[in-house]
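Colleague: Below is one structure. I have some questions about it.
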Amino acid sequence: MDLYKVRQELMLGKQITNVPLRVTYYSRVSTDSKEQINSLTNQENHFKEMINNNKNWIYIDGYKDEGLSGTSSQKRNNFIKMINDAKENKFDLIITKEISRFSRNTLDSIKYTRELLSYGVGILFFNDNINTILPDSELRLTLMSSLAQEEIRKLSDRVKFGMHESIKKGNILGNQKLYGYKKDKVLNKYIVNKRQASIIKEIYELYANHNKTLRDIIKILDSRNIKTINNKNFSPSSLSRLIKNPKYKGYYVGRKSEVIDYITRRVKQLPKEEWIIYKEENIVPSIVSEDLWNKANIRLNKRKKFD
């Protein structure tokens, strides 16, 4: 697209819909829930119809990303493909629903709109009524992107606060499976899996009372085809984590990690002294006694570098 020519036409009052262009679209939803996928389909159908019904436009297949955050472009594969295709001169205009669908990171919004303009490609943010071909678009885009970014920061703070409050109340968070238990979300507690619990008891006994090393125990488990919760062979690290887990002696454990950057979603593993941990067998029934757990962990701390 001859960006200068089109810009002059628009500034003289010509509508973008009256300019002959090759037009595509970008759509994104932030989760893979059924409702969000339906929203993605609706976005696609709307833009396809909008482009195909305009006699001045040539429809170019669109780009979509499902279940991905808009705070960063790093994992949005089709977004990056769209940028690369723009560089290859495959279209002139991208239509997207709104700035928050394109990016909630102000720097990314400016960076990619500038890059696309350098390739002669504009973006029409449909709901925000921003056309990046026009000279005043960057100021408006910066303001709108900043508002969208601030909203995601507030949301991140609300989610973090809610998680901290849930942990204080002893609520079980997340969907991670735990060997030896199954999670009852209705009762908010762990239920002991008797078959796996017997294996856990045997592991602690072998390690604490029978002087077996981690590798000795792994050989025993492998000979009986006993796998981890993820159906993999036990390793020294996975076995060590099992032995160190306070839940097996009936302790609630929370806040082991925290998101420290809402834009990159970077997670920091917190030191043990910052965990929320306390005895709570109504939520986490013990599988081994506290004495047996302590004995195994004393040995683990002394010998782990040799096992």
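Counting from -7, one number per residue, gives the positions in the sequence shown under the numbering used here.
All C-beta atoms in this analysis are idealised placements derived from N, C-alpha and C, irrespective of residue type, glycine included.
(1) Let me know if Lys89 comes out buried or exposed under the rule of 16 or more other beta-carbons within 10 Å of its beta-carbon.
(2) Is the separation between the beta-carbon of Ala189 and that of Lys287 shorter than 8 Å?
(3) Is Tyr171 near Leu234, with beta carbons less than 8 Å apart?
(4) Identify whether Thr88 lies in helix, strand or coil by the three-state DSSP scheme.
(5) Smallest Cα separation from Lys174: which of Ser229, Arg132 and Tyr240?
(6) For Ser65, count neighbouring C-beta atoms within 10 Å of its own C-beta (all shown protein chains included) and say buried if the count is 16 or more, exposed if not.
(7) In three-state terms, what does DSSP make of Leu13?
(8) Which word fits Lys6, buried or exposed, when buried means at least 16 other C-beta atoms lie within 10 angstroms of its C-beta?
(9) Give me the residue from Asn44, Tyr18, Val280 and Asn45 with the minimum Cα distance to Thr33.
(10) Comparing C-alpha positions only, which one of Lys79, Glu36, Lys236 and Asn97 sits nearest to Gly114?
(11) Using three-state DSSP, classify Val(-2) as helix, strand or coil.
(12) Does the region -7 to 7 come into contact with the region 36 to 46, if we say contact requires no fewer than three beta-carbon pairs (one atom in each stretch) closer than 8 Å?
(13) Buried or exposed, going by whether 16 or more other CB atoms sit within 10 Å of the CB of Ile195?
(14) Considering just the uninterrupted stretch of the beta strand (DSSP E) at Ile50, what are its terminal residues?
(15) To the nearest angstrom, report how far apart Ile301 and Leu198 are at their CA atoms.
Modeller: The relevant details are as follows:
(1) Buried is the call here.
(2) Taking 8 Å as the cut-off, the beta carbon of Ala189 is found no closer than this to the beta carbon of Lys287.
(3) Result yes, Cβ atoms of Tyr171 and Leu234 sit closer than 8 Å.
(4) Looking at Thr88 - three-state DSSP - the assignment turns out to be strand.
(5) Relative to the Cα of Lys174, the nearest Cα in the group Ser229, Arg132 and Tyr240 belongs to Tyr240.
(6) For Ser65, the predicted structure reports a pLDDT of 48, less than 50, and the residue's modelled location is therefore unreliable. A value from the coordinates is still provided. Flag for Ser65 reads buried.
(7) Note: Leu13 maps to strand in three-state DSSP.
(8) With fewer than 16 other Cβ atoms within 10 Å, it is exposed.
(9) Minimum Cα distance to Thr33 is reached at Tyr18.
(10) Ranked by Cα distance from Gly114, the first of Lys79, Glu36, Lys236 and Asn97 is Lys79.
(11) When DSSP states are grouped into helix, strand and coil, Val(-2) belongs to the helix group.
(12) Judged by pairs of C-beta atoms under 8 Å, the region -7 to 7 does not touch the region 36 to 46, as fewer than three such pairs exist.
(13) By the neighbour-count criterion, in which a residue is buried when 16 or more other Cβ atoms sit within 10 angstroms of its Cβ, Ile195 is buried.
(14) From DSSP, the beta strand (DSSP E) with Ile50 extends over Trp49 to Tyr51.
(15) There is simply no residue 301 to check, as the chain begins at -7 and stops at 299 in what is shown.
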